[in-house]
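For reference, the structure is listed below as structure tokens.
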Amino acid sequence: MTEHDLPSLYDHLWARLERATFEGKDPWRWPMLATASPAGGPAGRIVVLRKISRAETTLTIYTDTRSEKVHQIEAIARAALVFFDPTSMEQLRATGTVSLLKEGDRWRSLWDEIREGQDTDYRRRSAPGTPIPSPSAAASTPDGPPHFAVIDLHVDHFDWLSIDRDGHRRAHLFPSTGKRQATWVVP
Ligand SMILES: Cc1cc2nc3c(=O)[nH]c(=O)nc-3n(C[C@H](O)[C@H](O)[C@H](O)COP(=O)(O)O)c2cc1C
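For the sequence shown, position 153 matches number 151 in this note's numbering, and the numbering has no gaps at all.
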């Protein structure tokens, strides 16, 4: 990537995001999902980046249908995924509109991809955040219904920041326009 080449920054970002979906140690695998609570407060938590689609400009994560973040997204369908790599010192904030999938063909094929053993995360008897007497009481029901939700973030804005001793760089990119619109901004 050259310093003044915004189109190559697009390629760099999508390639990095794609790598994070399968490279277990890539720090961009664990972004923070930021949502807005209907009460007006902020809400952030770490999630796993599962899929990306450059063509659709979407970033996909999985969660429990009953989680707080799902309620927040149902109320306010805007969110951001915030990535940071402490080695390259790159931050990426991807902001957009969110859609939720709880059934249908695509939901089914993504659910079928979930490895045996990992499905228990989506088969807990009670909703995430329910008070329990001890951690062991968070049991799953092996054949219970999957409380599996797919969250797609349709990215309309990337805010990329590179912290570098030779000069910080920051850019705004608008991937959903399909025109590789982008501009450098003051860091
Ligand atoms: C490394 C790591 C990865 C996580 N991945 C996910 C994930 O992919 N999906 C998810 O719903 N929660 C994930 N969590 C748990 C969330 O951070 C959060 O605690 C939980 O989803 C409840 O959030 P909520 O009450 O805001 O909905 C992960 C936590 C950590 C530390």
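We put the beta carbon where it would ideally sit given N, CA and C, even for glycine.
Cα-Cα separation, residue i to residue j
i: P129; j: D62; result: 16 Å
i: K23; j: L15; result: 13 Å
i: L4; j: A180; result: 6 Å
i: F20; j: A73; result: 31 Å
i: R168; j: R52; result: 21 Å
i: I149; j: L98; result: 5 Å
i: L79; j: A34; result: 12 Å
i: R178; j: E54; result: 14 Å
i: W105; j: R48; result: 13 Å
i: H145; j: P126; result: 11 Å
i: F81; j: I112; result: 24 Å
i: W182; j: S138; result: 48 Å
i: T66; j: G42; result: Per the sequence shown, the amino acid found at residue 66 is Glu instead of Thr. So the alpha carbons of these two residues sit roughly 11 Å apart.
i: M(-1); j: I161; result: Reliability of the predicted coordinates at M(-1) is poor, the pLDDT of 48 falling under 50, and the value obtained from them is presented with this limitation in mind. So the two alpha carbons sit approximately 15 Å from each other.
i: R17; j: P36; result: 34 Å
i: E88; j: L108; result: 30 Å
i: Y8; j: G176; result: 11 Å
i: I50; j: A13; result: 10 Å
i: K100; j: D110; result: 13 Å
i: D164; j: A75; result: 39 Å
i: S124; j: A136; result: 8 Å
Outcome for residue i when other beta-carbon atoms lying within 10 angstroms are tallied against a minimum of 16
i: V184; result: exposed
i: G39; result: exposed
i: V96; result: buried
i: V46; result: exposed
i: I71; result: buried
i: R27; result: buried
i: A147; result: buried
i: A77; result: buried
Integer-rounded CB distance, given that residue j should sit under 8 Å from residue i
i: L151; j: T56; result: 6 Å
i: G142; j: R121; result: 5 Å
i: D157; j: H170; result: 6 Å
i: T93; j: H155; result: 5 Å
i: L90; j: L11; result: 6 Å
i: V153; j: P173; result: 6 Å
i: P29; j: D83; result: So it is not a contact: roughly 11 Å between Cβ atoms.
Beta-bridge partners of residue i, as assigned by DSSP
i: I50; result: L57
i: V96; result: L151
i: A193; result: Because the chain in this structure spans residues -1 to 185, residue 193 falls outside the shown range and cannot be described.
i: Q89; result: F82 and L159
i: R168; result: L159 and V183
i: F146; result: D62
i: R17; result: Answer is none; R17 lacks a bridge partner.
heavy atom of ligand 2 below 8 Å from residue i C-beta
i: E111; result: By its list of ligands, the structure shown excludes ligand 2, since it contains just ligand 1.
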